[in-house]
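Residue numbers (the working numbering): 80 to 163. Just so it is clear, CB atoms sit at the ideal spot from N, CA and C, and this is done for glycine as well. Given the structure is predicted, the values throughout are model-derived calculations rather than measurements.
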């Protein structure tokens, strides 16, 4: 099992760009709204090409839009919430 999970700043970037909708971003990069939703919800990892298209759309580097996080760090907030 891979110890990393791909995280992203898509929602933040969409809102920084005038509350851009998932549909508008999807249209701009040539995918469906569901694809953008799934990436944003971290249920789907984009291809390298799609990651570059999204980053280019926002005028950012790929590593400014997407980043890796260790799974144990990603699950820590959930463990704390479950303990409450």
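For the pair residue 121 and residue 86, the CB atoms are nearer than the 8 Å cut-off. An exposed status is given to residue 127, since fewer than 16 other beta-carbon atoms sit within 10 Å of its beta-carbon. Taking a C-beta distance under 8 Å as the contact criterion, residue 108 and residue 132 qualify as a contact pair. Residue 152 counts as exposed, since fewer than 16 other C-beta atoms from the protein chains shown sit within 10 angstroms of its C-beta. Cα atoms of residue 123 and residue 117: separation of roughly 5 Å, rounded to the nearest angstrom.
About 10 Å separates the beta carbons of residue 141 and residue 129, which is beyond the 8 Å limit, so they are not a contact pair.
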